[in-house]
Structure formats: C-alpha cells, structure tokens
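S.K.: Here the protein sequences line up with chains A and B, keeping their order.
Going letter by letter, the first sequence gives residues 1 to 496 in my numbering.
Going letter by letter, the second sequence gives residues 1 to 496 in my numbering.
No residue lacks a Cβ here, since even glycine has one placed at the ideal position from N, Cα and C.
One structure coming up, written as structure tokens, with questions to follow.
2 protein chains.
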Amino acid sequence: MSEKTAYQAACQLFTRHYRYEHLSAIVSWDQATMMPPAGNDARAAAQAELEVLMHATLTDARLGDWLKSAEGEALDARERANLREMRRAWQTANLLPAELVEAKALAGARCEHAWRTQRPANDWQGFLANFREVVKLSREEARLLAEAQGLSRYDALMAQYEPGMKSADIDRLFADIKTWLPGLIQAVRDKQAGESLLRPQGEFPVESQRALGVEVMRKLRFDFDAGRLDVSAHPFCGGVPEDVRLTTRYRTDDFMQSLMGIIHETGHARYEQNLPRDWAHLPAGRARSMGIHESQSLSFEMQLGRHPGFLSLIAPLIREHLGDQPAFAADNLARLYTRVEPSFIRVDADELCYPAHVILRYEIERALIEGDIEPDDIPALWDEKMMNLLGVDTRGNYRNGCLQDIHWTDGSFGYFPSYTLGAMYAAQYFAAMRRAMPTLDADIAAGRLDPVFDWLKENVWTQASFLETAELVRQATGEALNPAHYRAHLQSRYLG
Amino acid sequence: MSEKTAYQAACQLFTRHYRYEHLSAIVSWDQATMMPPAGNDARAAAQAELEVLMHATLTDARLGDWLKSAEGEALDARERANLREMRRAWQTANLLPAELVEAKALAGARCEHAWRTQRPANDWQGFLANFREVVKLSREEARLLAEAQGLSRYDALMAQYEPGMKSADIDRLFADIKTWLPGLIQAVRDKQAGESLLRPQGEFPVESQRALGVEVMRKLRFDFDAGRLDVSAHPFCGGVPEDVRLTTRYRTDDFMQSLMGIIHETGHARYEQNLPRDWAHLPAGRARSMGIHESQSLSFEMQLGRHPGFLSLIAPLIREHLGDQPAFAADNLARLYTRVEPSFIRVDADELCYPAHVILRYEIERALIEGDIEPDDIPALWDEKMMNLLGVDTRGNYRNGCLQDIHWTDGSFGYFPSYTLGAMYAAQYFAAMRRAMPTLDADIAAGRLDPVFDWLKENVWTQASFLETAELVRQATGEALNPAHYRAHLQSRYLG
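In structure tokens, the structure reads:
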C-alpha cells in the first residue's frame, strides 16, 4: 500500500466532517419538523456538542501542515479547487475558539425555540432577552474573523455565505436598485389598478395542497427517492445532497404562497440533488455559495414559477387538486402571481417588493453587527424603513415585522444579501439561456422544461465549488455579475 | 472554582457520550421512519462514524484512571451506582477495537437495508450474502468480550442486554417452560375450540386506527409533549428519554395487532419518559436492562392490555373510531385477545405461543454464535423447531420464517431472551401488586389505572440503573426472579 499523501490525509478528515454534517442536517430538520416541544433542551445540548465536534475536526492540529504540504503535491484542477475550499474552511474554523462556537449554538437554539411562541404572541421584549446574547456572540465572532482577515465585521460574516463579496459591492448594487425600484413599483401598481383580477375562493384542504405540491415537484424533476416534503413553521430546504428535506407551511385559506414556496425550495433541492455525487464528501463538491443557492431557488420561483408559460402548465393541476373555479384560468393565475402589493412578510412578498425587504434587513443587520445600533433600536428602524421603502405601517406589529424571520434568531447575520444576489444571478442566467435558445419561452409553455434544467445542470449544479463564484457566473453567462439583466427582466415582465 | 474530582471528570465524558447517543437515536429513528431509500449509503456512513466516535469517547485514555481514582472519592449510593455503570460501559468498550465497531455498524446497516426488500421478496439467498458478514463480525465481538470476561461467547453478548444473566440460567428457565407449555397450549386450544368467537369485519382506515391508538396512548398516560407515534416496517420504541419515538405498522384488514403493538411500545415509552430526568445524562439514570425494559412493555401489553377489565375500558374507544359491530363487545374482544393460535410471526403471536418463538430464536442464535451451526443451517433448524414447538410449517416460507425479525440483521444477538425474562418479571410484578392492592382487578375494570402506573413508577421507572437487576426485582416484589408467577398467570388467565 502506498503512503498516503498530505492531500489525501486532509480529504479523509473532511470526509469525517461531512459525515458529522450529515448528522447535524438530519437532527436540525427533525428539530424543525418532528420534535415535540419537551425534547428541545436535550436536542439543543446534543446539537451544540456536535457543533463543537465539527469545529474540533477542522481545528485538528495536523490539518494546517497537511494543507501546506498538499500545495506541493501533484493535483489536478479539481483537486486544487478542493484544496482551496478546504483551506477556506480550515482558516475560518481556526479563527474561532470552541467555547464561542458552543455558546453561539446554544444561544441560537434557545432564541429560536422561544421565538416559535414569541412570534405568535407578538412578544418583542421576551425575544430581546435571548436575542441580545445572540447579537453579542455574533459580534464577537465577527470581530475575530474580521481582524484576522482584514475585513469589516459585517463583511467577515457575509464571507461565510458569499465568499468574495464585500458590503461595498452590495452598497453599490442596492443603491442602484433604490434609484429605480420605488418608481417601478408605482408604475406597475398604476398599470395593475385597471386590471381585472379574480381572487381564489374557498377552503383548500392541506392534503389537497400537499398532493398538488408533490405533483408540481415531480414536474420540476425532484427525486422523491432521495428527498421528502414536510411541514415546518419556517420553510426551508435542508438535509444532505443524498437525502434532501424540503418543507413548506399550509394555510387552508390560501394555497398560492405554499405552492410557490414549494417551487422555491425545489430549486434549492435540485441543486443539491445534482451536485457531483462522487465529490459530495469534499468541500469542492458542495454548493458554491448561498447567493448561488438562492439563484437556483429564484430561477425556479421567479424566472420559471411566475413565467406565464409555466403557470399555463400547472393550471390544470391546480384545477385537478383544488377544484375548478374561474380564478384558476392560466391568464388569471399569471396576473395573481405577478400582482404587486406591498405587504409585511418577506417570504410571501411579490417579485418586485422582495428586494425592498432584503435591503431593509441588510441595512439593519449591518449596522447591528458593526455596532452602530443596538438590538433595542431595531423596531423603530424597521418601521421607518418599511414605510419609506414600501409604504407599509409596522408599528407595534412585531409578529409581522422584525420577528418574522428565523435568520437573526440563530445569528445568521450576513445571509440576507444572498437573496437579491440570487435574483440577479437568476435573471442573468435566463438572459443567457434565451440568447442560446431563442425558443425557450415557447418551450416552457409547451412543457419542455428540460432545456432549462439541462442548462442549470451543466452551468451551475455540476460545477459545485470547483470555480470561485465570479468565475462560475462568467463561464455560465459570458460576463461578470451584471444587474442590468435583473432590471430588464422586471421591466419586461411587469411593464413589457 | 474548586478542582474537579475524578468522578466529575468521568461524568463529564459520559455526558458527552449521552449527547452523541441522542444524535444516534434520532438519526436511527429517522432511518426507519422517514429516510427515502437513496439516502441509505450516506446515512450508514454517518451512523458508523458516530459509532466510532462514541466508542472513542468511552476508550478515552484518561477514563480508566478517572474511574479508578473515583473509587476512593466520597460518593453517595447513587453516585457509587453510577460509577459501577460507567465502569461497565468502559470495560466493554475497551475490549473492542474501533475497526470492529465500525465494520459491524456498516455491515449491520447494509444487511438491514437490503432486508427491507429481501423479506417481501422471500430472498433468503440474497440475505445470506450480507448476513454472513454480520455473523462473522458478531462472533469476533463475542470472542473478544468472552475471553476477557471469562464468559461463553453467547453469554458475553447477552450481558450487553441483560447484565448478570447467563445462558445456564436461561437454559434452566426455558427447559422448565418446555415441560409445561406445549400441554398448556393444547389444553387451552381444546377449551377454546368450543367458544363462540366473532372476528372483526371490514376495512379499518389507517387514519382511524391511528386516532384510536393515540387515544389509547393517552389513556396509558403517554406524554405527547415529549414523544411521537409514527410508522415503520418493524415497530420499535426509540428516541431519547426527553423525546420518545414509538412506531407501529398498520394493516387495513386488521387493527388488533397494531393496537396491541402500540400498547406494547407505550410500556417501553413510559419507562423512558419516567426515568429520573436529572440523571438522564449518566449511565445510572438509564433503563436497567432490556429484560426490565421488556417487563414494562409486557406489563402494558400482556398484563394490562389483555386484561378483561382493560379491554372493557377501551371497547367504547374501538367502537367510536372503527364503527360499531358485534365483534367489538368487551367480552368478545377479551376472547379475541386471548385466542391461542400458533402462527408464523413472533410480534403478532398470542401470549401463550410467544415464549415458543423466543425459545426457538434463542436456541438458534446461541448455536450460531458459539460456532455450532453456520448461517446456511438456519432455515432447516427453523423449520424443525417451529414444527416441534408450534406445529407450524415454515418450509420455503423465509419471509414469515427466519427473515421476519430485524434483530439478527444488525447483529443484536443475545437480545431474544430479554422478551421472556420480561414476561416473567411482569407476571411477578402483577402478583406483587395484587398482594399489596387486593382491589387491583376491579380498579383496572373501573378505569383506575393509576395504581398500576404508580407501582411501576415507584418500583421500576424511577429506579433506573441504581440497583443491579436482581436487587431491583427483589426490592420490588420481595423475592428473586420466580418463574412460577409466569406459569400461574398463564394458567389463571387461560384455564382459570
């Protein structure tokens, strides 16, 4: 037997880490979907112990030497990319002490568990009691990561989700959006004011909605042999590439949000299910970044899901599962799913209002992490920005205001920009697809979805993390991130 | 801050182990109830990695010294019991190399996963291909444990489930049973031949059966805030004391097996849910043994569940959920649930035939582990013993013969005797209860179940592992294990 190379030794350690991640993903999914309430304390302790273990794996004293020696070993391009990704994970882990990792896991679990009852109770003060600790620990994490990497504190957190992206970039992108978005929203609302629109009427039983969701997932080629659809308070796509767990939530008076939520999560799921399986156990084989992940969910939800051709495809399924009514005509469904109406909840927002929600959260969480504001300041800022951006009054309405999202409860600061980056990438992909495939829109309307899936599979899914984000986008679309495609897409769809 | 004692250091390490056990319990439950088929390979690898980690925790080089030093520290009786249990776990773990632990976990997972499709396909040859490896590794485990502890190989495996019990004891108990059981079965069948018996008719929808099961679980005081009921191919009670996961399986043409299965698993569950919560993280706070565990499930299933008074209590619930029919009269239900009819499946066996199934498995698995037979010899032996003990012909019928159980697939050799030990303990408990509470049977019929639960809680559940098994039974019932109570119970119920 030949001697193991340093590269192989490092890969072996990361394979162990990948198996621990598997355990973490499954028990986290269980916590959100299956766990009875009294199980929470023991679960939180077990999950925190696992966080500590995963951190200990990446801070193994031998790993630094292995990564260094591996630089001199003969590696092919993919192995070299994997070495780069292993180094990134190793660097980040080694900047954080185990005590902080454990404390943050426990504080996040406590805050999230309490949030589940505090949100319906509109209990901001109760939430604050746990949330202050989450912010304190996240700031400490940001400080340690920032100092060592020469980044601002917020940028250091954002780099965990979107490596290479800086808040200076985000500021530029968002400042541009703010110049045209309010005007566009107003123009679209004026235009839509004169449109006739039928609202779906009735009770939509959960079982019927679920059956509809499953059939739409099949149309989107979700592999049910390697995944599930369940229910959770906050929808997400979890699990592991080999077993993807996606969730939704149902309201019997409204099936539309849940259905589009399922389409969104199916985008995440297909990315995971189509990552290169023989690389799944190594960092280069995982999803590129959260912005790229959201580019898949938003390719499904926004580009495809709200496409009039796609809606004409699923209209018969909606009628089949929920009964026939005039509102289920394909053209009316297209009007419903492109109706622009500022409202409280980000995940239920329409395509045009969505970026406003993201900009609001970005501006608040960046100030919070940089120490410019304190947790107590959030509601007033939230109210002000929501009024300015969308004209929505959230005063005193914490449940539908700053308590609505799960991201801050467990300290996932720096994630929100990924949503709008994802929307921009998705618009850029579809522009590239249309250049390469001029019949794309007709294909979609005719039920030929494979050209879309094949393009995403070739250009994104199977690329995993072999390329850096900017290079992935450039190879896929022929240019760097270009927000003009996003604006053009919105103008074409909503005023075209 | 005062210096940590050696006892405390050991407890800290076992607390970590307990959190890993939590992860293991939840992902194992998920594997049996939720996981889609394509997830299996990654799951098996993750579970095996966790097994290795748990083994590494107990073989920590410092633990031996801590346990030794702790012997000289000031400990109260419960702490001393905990030290004894920590030592037991440490000794066993240190006799097994990590490679064997991992190989056994992987071989067991492979064999079990394939078994799920091989059983319905009646594919004994396919099963053998995986099973030979499981047997090989279990024999190696038995050899290592046996040599170091001066036990026979089978006894060394059985000690993992029932510490202190030897196959010489089991031989004596089972030899006695074999002298009277066949005659008793015959006498009861002769008596029952003249009885009128109405069989339930109809389709029993799964949702109705589930609602009935949940209501019966509530009557048995299962805490749904700290547990769940789901479906799996082979029913079990898993999870952790803080979050107990029990499962059943439904047939729409027969609700009786599933209902009694739920009652059985609820007995396991209430034991777990009532272990002393402040000791849950340490070995002394866990269930005493698998024989004692089965004594709880069989107290619920056999002593209580087939009690005519209890059946008169749940008869109205059965009618409420499954519709009224003459077969659901309380006295007919009592005749149905005490009907003696030799058949193929152990978990569906009646109370009298059950020990015959266990004796058969014990005799085969002991010979297999001691090396007296090979895996290929099992079907012929199975056929012969099934014919001798119960007059049932299993030739060629592997699916309902030697492929029916899950225990051997993952190498849980040595477990089967626990079932009959449990039945004997349960009969002995109820004899002790009746001595202390002469109105017990009337109480049960009147719906006053708390005297039973209070007795079990005081004498078994809250005792956890503070006492050795023999002492627990002696303190609870005033005498050592006495199989006369078991025989007396069966004679009284079936011929009385």
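Taking only the alpha-carbon atoms, compute the straight-line gap between A98 of chain B and E51 of chain B and give it to the nearest angstrom.
M.R.: Counted from its first residue, the second sequence places residue 98 of chain B at position 98. Counted from its first residue, the second sequence places residue 51 of chain B at position 51. Going by the C-alpha atoms only, they are around 9 Å apart.
S.K.: Kindly indicate which residue of A:F255, A:Q491, A:K104, A:N130 has the alpha-carbon position closest to the one of F204 of chain A.
M.R.: The count along the first sequence starts at 1 and reaches residue 204 of chain A at position 204. The candidate whose alpha carbon is nearest that of F204 of chain A is A:F255.
S.K.: Under DSSP, the beta strand (DSSP E) around T247 of chain A begins and ends at which residues?
M.R.: As a position in the first sequence, residue 247 of chain A is number 247, starting the count at 1. T247 of chain A -> beta strand (DSSP E) spans 243-248.
S.K.: Which whole-angstrom value describes the C-beta separation of G164 of chain A and E365 of chain A, a residue pair presumed to lie in contact below a C-beta threshold of 8 Å?
M.R.: Within the first sequence, the letter at position 164 stands for residue 164 of chain A. Within the first sequence, the letter at position 365 stands for residue 365 of chain A. Not confirmed; about 19 Å, so no contact.
S.K.: Give the DSSP-derived three-state secondary structure of V460 of chain B in the structure shown.
M.R.: Translated into positions along the second sequence, residue 460 of chain B becomes position 460. Residue state, collapsed to three classes: coil.
S.K.: How big is the Cα-Cα spacing for M1 of chain B and P241 of chain B?
M.R.: Position 1 of the second sequence, counted from the first residue, corresponds to residue 1 of chain B. Position 241 of the second sequence, counted from the first residue, corresponds to residue 241 of chain B. Confidence at M1 of chain B is low in this model, with a pLDDT of 45, below 50, so its placement is unreliable and the value that follows should be read with caution. The straight-line gap from Cα to Cα measures roughly 32 Å.
S.K.: Check the Cβ of E51 of chain B against every Cβ in chain A and list those closer than 8 Å, keeping chain order.
M.R.: Sequence index remark: in the second sequence, residue 51 of chain B carries index 51 (1-based). Ordered by position in chain A, no residue passes the 8 Å Cβ test against E51 of chain B, which lies about 11 Å from the chain.
S.K.: Please compile the residues from chain B whose C-beta is within a distance smaller than 7 Å of the C-beta of L23 of chain A.
M.R.: Along the first sequence, one-based indexing puts residue 23 of chain A at 23. Chain B residues near L23 of chain A: L23, V27, A46, L50.
S.K.: Would you kindly check if the distance between the Cβ of H281 of chain B and the Cβ of R43 of chain A is under 9 Å?
M.R.: To locate residue 43 of chain A, count along the first sequence from 1; it is residue 43. To locate residue 281 of chain B, count along the second sequence from 1; it is residue 281. No. Outside cutoff.
S.K.: Would a C-beta distance cut-off of 9 Å place I81 of chain B and F466 of chain B closer than the cut-off?
M.R.: Taking the second sequence and counting its residues from 1, the one referred to as residue 81 of chain B is at position 81. Taking the second sequence and counting its residues from 1, the one referred to as residue 466 of chain B is at position 466. The residue asked about is misnamed: residue 81 of chain B is Ala in this sequence, not Ile. Contact: yes.
S.K.: Out of A:L145, A:A109, A:L198, A:T92, which has the shortest C-alpha to C-alpha gap to A46 of chain A?
M.R.: Locating residue 46 of chain A in the first sequence gives position 46, where the first residue counts as 1. Per the Cα distances, A:A109.
S.K.: Measuring straight from C-alpha to C-alpha, what distance separates A103 of chain B and R288 of chain B?
M.R.: The residue given as residue 103 of chain B occupies position 103 in the second sequence. The residue given as residue 288 of chain B occupies position 288 in the second sequence. In a straight line, the C-alpha of A103 of chain B is about 28 Å away from that of R288 of chain B.
S.K.: Going by CA-CA distance only, name the one from A:A436, A:R474, A:D410, A:G239 that's closest to A48 of chain A.
M.R.: Here residue 48 of chain A refers to the residue found at position 48 of the first sequence. Of the candidates A:A436, A:R474, A:D410, A:G239, the one whose C-alpha sits nearest the C-alpha of A48 of chain A is A:D410.
S.K.: Between the alpha carbons of R116 of chain A and D76 of chain B, how many angstroms are there, rounded?
M.R.: In the first sequence, the residue the question calls residue 116 of chain A occupies position 116. In the second sequence, the residue the question calls residue 76 of chain B occupies position 76. Distance between the alpha carbons of R116 of chain A and D76 of chain B: 41 Å.
S.K.: Would you say M35 of chain A faces chain B, with C-beta separation under 9 Å as the test?
M.R.: By 1-based counting over the first sequence, the position of residue 35 of chain A is 35. Yes, M35 of chain A counts as interfacial toward chain B.
S.K.: Mind checking whether F300 of chain A and T266 of chain A have CB atoms under 9 Å apart?
M.R.: Looking up residue 300 of chain A in the first sequence gives position 300. Looking up residue 266 of chain A in the first sequence gives position 266. Yes; because the gap between Cβ atoms is below 9 Å, this pair is in contact.
S.K.: Mapping the DSSP letters down to three states, classify D372 of chain B as helix, strand or coil.
M.R.: Looking up residue 372 of chain B in the second sequence gives position 372. Reduced to three states, the DSSP call for D372 of chain B is coil.
S.K.: Quick one: what does DSSP say M1 of chain A is sitting in, helix, strand or coil?
M.R.: Position 1 of the first sequence, counted from the first residue, corresponds to residue 1 of chain A. The pLDDT assigned to M1 of chain A is 45, lower than 50, so where the model puts this residue is not dependable; a value taken from the coordinates is nonetheless given after this. Coil.
S.K.: Going by DSSP in three states, L50 of chain A sits in which element: helix, strand or coil?
M.R.: Reading the first sequence from its first residue, position 50 is the one you call residue 50 of chain A. Reduced to three states, the DSSP call for L50 of chain A is helix.
S.K.: Could you tell me how far apart the beta carbons of A315 of chain A and L333 of chain A are, in whole angstroms, since I believe they sit closer than 8 Å?
M.R.: Mapped onto the first sequence, residue 315 of chain A falls at position 315. Mapped onto the first sequence, residue 333 of chain A falls at position 333. Indeed, because the Cβ distance is near 6 Å, the residues count as touching under 8 Å.
S.K.: What are the boundary residues of the beta strand (DSSP E) that L83 of chain B is part of?
M.R.: In the second sequence, residue 83 of chain B corresponds to position 83, counting from 1. No beta strand (DSSP E) contains L83 of chain B, which is instead part of the alpha helix (DSSP H) from 77-94.
S.K.: Compare the C-beta of V240 of chain B against all C-beta atoms of chain A and say whether one is closer than 9 Å.
M.R.: Within the second sequence, numbered from 1, the residue matching residue 240 of chain B stands at position 240. Chain A contact via Cβ: present.
S.K.: Please classify Q186 of chain A as buried or exposed, where buried requires at least 16 neighbouring CB atoms within 10 angstroms.
M.R.: Here residue 186 of chain A refers to the residue found at position 186 when the first sequence is read from its first residue. Per the 10 Å Cβ criterion, exposed.
S.K.: Thinking just about the alpha-carbon of each residue, which of A:P120, A:R189, A:G72 is nearest to the one in N400 of chain A?
M.R.: Taking the first sequence and counting its residues from 1, one reaches residue 400 of chain A at position 400. Out of A:P120, A:R189, A:G72, A:P120 has the C-alpha closest to the C-alpha of N400 of chain A.
S.K.: Q428 of chain A to F416 of chain A, Cα distance in whole Å?
M.R.: Position 428 of the first sequence, counting from 1, holds the residue named residue 428 of chain A. Position 416 of the first sequence, counting from 1, holds the residue named residue 416 of chain A. In a straight line, the C-alpha of Q428 of chain A is about 19 Å away from that of F416 of chain A.
S.K.: Please confirm whether S295 of chain A and A426 of chain A have their CB atoms less than 9 Å apart.
M.R.: Counted from its first residue, the first sequence places residue 295 of chain A at position 295. Counted from its first residue, the first sequence places residue 426 of chain A at position 426. Contact: yes.
S.K.: Reducing DSSP to helix, strand and coil, say where G183 of chain B ends up.
M.R.: For this step, residue 183 of chain B is matched to residue 183 along the second sequence. It is helical.
S.K.: DSSP beta-bridge partners for R251 of chain B?
M.R.: As a first step, residue 251 of chain B is located in the second sequence; it is residue number 251 there, counting from the start. B:D254.
S.K.: Can you name the residues of chain A whose CB is closer than 9 Å to the CB of D278 of chain B?
M.R.: Reading the second sequence from its first residue, position 278 is the one you call residue 278 of chain B. Chain-order list of chain A residues neighbouring D278 of chain B: empty, with the shortest C-beta distance near 12 Å, by a criterion of under 9 Å.
S.K.: If you run the structure through DSSP and keep just helix, strand and coil, what is R228 of chain A?
M.R.: Numbered from its first residue, the first sequence carries residue 228 of chain A at position 228. DSSP places R228 of chain A in strand when its eight states are reduced to three.
S.K.: What would DSSP say about V392 of chain A, mapped onto helix, strand or coil?
M.R.: Here residue 392 of chain A refers to the residue found at position 392 of the first sequence. Looking at V392 of chain A - three-state DSSP - the assignment turns out to be coil, as it is neither helix nor strand.
S.K.: Report yes or no: do three or more beta-carbon pairs, one from the segment 444-463 of chain B and one from the segment 269-278 of chain B, lie closer than 8 Å?
M.R.: yes
S.K.: In terms of residues, what are the limits of the alpha helix (DSSP H) holding G108 of chain A?
M.R.: Indexing the first sequence from 1 puts residue 108 of chain A at position 108. It spans 98-118 - the alpha helix (DSSP H) in which G108 of chain A sits, taken as one unbroken run.
S.K.: For A446 of chain A, count neighbouring C-beta atoms within 10 Å of its own C-beta (all shown protein chains included) and say buried if the count is 16 or more, exposed if not.
M.R.: Position 446 of the first sequence, counting from 1, holds the residue named residue 446 of chain A. With fewer than 16 neighbouring CB atoms inside 10 Å of its own CB, A446 of chain A falls in the exposed class.
S.K.: Between the C-alpha atoms of E207 of chain A and T252 of chain A, what's the straight-line distance to the nearest angstrom?
M.R.: To locate residue 207 of chain A, count along the first sequence from 1; it is residue 207. To locate residue 252 of chain A, count along the first sequence from 1; it is residue 252. E207 of chain A and T252 of chain A: Cα-Cα distance of roughly 10 Å.
S.K.: Between the segment 149-167 of chain A and the segment 368-376 of chain A, are three or more C-beta pairs nearer than 8 Å?
M.R.: Segments in contact, yes.
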